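Chains as they are written, first to last, in our numbering: chain Z, 112 to 392; chain H, 112 to 392. Backbone N, C-alpha and C fix where the C-beta goes; we use that ideal spot for every residue, glycine too. Bear in mind the structure is a predicted one, so any value in this text is a computation, not a measurement.
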């Protein structure tokens with residue numbers, strides 16, 4: 112059974128003239144399905160809508176997208192008590208050349224994938240990471256967005272897989288920490304929680320937003336600002352956020368080891384109380 | 112009849128799991144077919160090989176690629192006395208996630224398209240251009256390469272089409288002139304021909320290389336260095352290079368008009384003598 116759907120119909124193939132194939136002209140979202148519920152759905156839709164606006168692609172109707180997702184879940188046959196949905200919005204078909212046909216007839220695809228929770232050990236003891244050699248380009252027109260132009264993450268991810276680490280951090284050209292290949296990063300320094308600015312490059316994850324908003328309603332301080340490599344390496348704690356796993360402590364990055372996860376555990380407790388069940392230790 | 116081919120067979124579709132569709136994980140070349148001959152073939156293959164090396168994708172065998180191209184030309188039914196071939200190399204299929212399956216099984220696609228020469232007026236009087244608002248990100252891992260991550264060019268191209276100009280120039284974040292959406296740019300200043308450095312962003316076109324190499328064997332001076340926006344706007348002449356049209360003078364960019372194309376004509380004469388027949392006025 113196909114795991115990808117378009118307009119409710121299973122699809123295995125796309126047109127070779129699809130602009131996502133030719134130019135990466137589109138966006139995507141990776142949504143956690145938990146007990147058949149699309150977690151943080153509104154945040155995913157907000158980001159997708161922002162991305163469509165900046166790229167000049169018509170935003171699919173949110174309700175129709177929800178219907179497509181539900182149809183795909185029903186048709187997939189996957190156990191969607193714990194699964195992942197990937198939504199791709201491409202700018203559609205055009206014959207040749209960078210310019211789009213007008214009006215842009217966006218194509219939406221929904222994929223449903225089985226998933227497995229991370230181990231309890233990962234949530235308790237943290238994960239191993241590395242610093243990638245791949246750097247993120249500065250002042251990207253698509254900074255913050257989850258576009259289909261993902262070569263930087265592909266190259267950084269290949270580095271992680273070669274080293275066998277769970278995640279790899281990417282810096283920008285000015286030695287600022289930006290994010291992981293598939294996660295956002297938070298550090299704890301001087302009892303303040305800090306996550307990097309993402310207005311020059313990087314992807315603004317929905318779990319990053321959920322974490323920031325959850326913390327801002329709590330007694331824990333969180334700041335969004337530039338984080339240099341030195342500050343990262345001298346930080347007291349580091350944790351990752353991602354729409355699928357929620358929050359994971361980082362135990363090691365290269366030679367650097369973090370043994371304390373005290374503040375991270377406090378953050379996880381608040382997230383566990385706010386929809387992210389995986390964070391309950 | 113399909114105009115795209117893979118392994119000699121016509122194709123209309125690609126797998127939705129193709130990494131070119133999912134991440135833009137691949138490269139392409141746009142080759143001019145002139146009198147059934149693939150013009151500047153070795154330069155296209157050099158760039159593709161360089162790109163494959165930097166992205167970690169196995170370079171397809173050059174001879175096999177030539178055979179695939181010839182088969183596609185024969186099967187396309189297009190009049191390939193004057194046509195365009197597009198070669199796409201994707202990193203192949205993988206299930207989900209940025210990391211590639213190992214070993215990478217690259218997929219190669221060849222498309223054949225009818226083309227029309229630019230008008231004699233364009234070569235004689237020059238073309239209209241604009242400065243795009245879209246900027247190119249700095250210090251890109253794929254600077255110089257023609258990857259399938261082309262959102263910057265897509266957005267810049269949409270600006271040109273909205274304004275109705277033939278080409279649009281993109282700057283980097285530091286107000287340096289980099290290239291056109293589908294061409295490279297040369298300026299003439301103080302009797303020296305200059306083209307921008309492309310080691311931070313931009314695409315190194317094969318016609319740019321052919322122009323530089325042709326000029327370096329002539330009495331005309333050519334320099335590769337940073338070009339600021341001011342220098343561009345105060346230059347004496349501007350011309351474009353592209354694998355399909357060869358060289359075109361620029362007559363206007365926004366408010367700025369260039370009436371002289373004297374040096375450009377000398378360059379065109381040398382190119383006309385060196386394989387680029389379109390440049391003969």
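The stretch 218–235 of chain Z makes contact with the stretch 196–205 of chain Z; the number of CB pairs closer than 8 Å reaches 3 or more. Listed along the chain, the chain Z residues whose CB falls inside 9 Å of the CB of residue 253 of chain H are 248, 262, 263, 266.
In this model, residue 198 of chain Z and residue 115 of chain Z are separated by some 9 Å (Cα to Cα).
Around the Cβ of residue 164 of chain Z, a 10 Å sphere holds fewer than 16 other Cβ atoms; the residue is exposed.
Every beta strand (DSSP E) of 3 residues or more that sits fully in the stretch 321–387 of chain Z is shown, in chain order, as 333–336, 348–353, 357–364.
For a Cβ distance threshold of 7 Å, residue set 210 of chain H lies close to residue 272 of chain Z, ordered along the chain. Any Cβ of chain Z closer than 8 Å to the Cβ of residue 124 of chain H would place that residue at the interface, and such an atom is present. Closer than 8 Å at the C-beta level to chain H, one finds these residues of the stretch 160–187 of chain Z: 166, 167. Between the alpha carbons of residue 192 of chain H and residue 170 of chain H lies a distance of about 28 Å. Annotation for residue 382 of chain H: 321, 322, 325, 357, 358, 390 place their beta carbon closer than 8 Å to its own, counting only its chain and skipping 5 residues before and after. Contact holds between the stretch 278–293 of chain H and the stretch 249–267 of chain H, because three or more Cβ pairs, one in each stretch, are under 8 Å apart. Residue 181 of chain Z sits in a helix when the DSSP states are folded into three classes. Residue 287 of chain Z carries a strand assignment under DSSP once its states are collapsed to helix, strand and coil. Cβ atoms of residue 308 of chain Z and residue 337 of chain Z come within 8 Å of each other, at about 5 Å. Of the candidates H:362, H:146, H:313, H:161, the residue whose Cα lies closest to the Cα of residue 228 of chain H is H:146.
Among the residues facing chain H, residue 115 of chain Z is included, as its CB has a counterpart in that chain under 8 Å away.
A Cβ-Cβ separation of about 6 Å places residue 350 of chain H in contact with residue 361 of chain H under the 8 Å criterion.
Residues of chain Z with a Cβ closer than 8 Å to the Cβ of residue 136 of chain H are, in chain order, 261, 262, 265. Here DSSP, grouped into helix, strand and coil, assigns residue 126 of chain Z to strand.
Cβ atoms of residue 317 of chain Z and residue 158 of chain Z come within 8 Å of each other, at about 6 Å. If you keep only unbroken beta strand (DSSP E) runs of at least 3 residues inside the stretch 193–254 of chain H, you get 193–201, 218–225, 238–242. Distance from the CA of residue 223 of chain H to the CA of residue 189 of chain H, rounded to the nearest whole angstrom, comes to 7 Å. For residue 287 of chain Z, none of the residues of chain H pass the 8 Å Cβ criterion, the least Cβ distance being about 12 Å. Those residues of the stretch 278–303 of chain H placed with their C-beta closer than 7 Å to a C-beta in chain Z are 284, 292, 293, ordered along the chain.
Per the coordinates, the alpha-carbon of residue 226 of chain H lies some 14 Å from the alpha-carbon of residue 149 of chain H. Among the CB atoms of chain Z, none fall inside 8 Å of the CB of residue 356 of chain H.
For residue 243 of chain H, the closest Cβ of chain Z is not nearer than 8 Å. Residue contact with chain H for residue 146 of chain Z: absent (no Cβ-Cβ distance below 8 Å to any residue of chain H). Within the same chain, 116, 221, 223 come within 6 Å of residue 183 of chain H by CB-CB distance, once the 5 residues on both sides are set aside.
Annotation: residue 258 of chain Z to residue 166 of chain Z spans about 9 Å, alpha carbon to alpha carbon.
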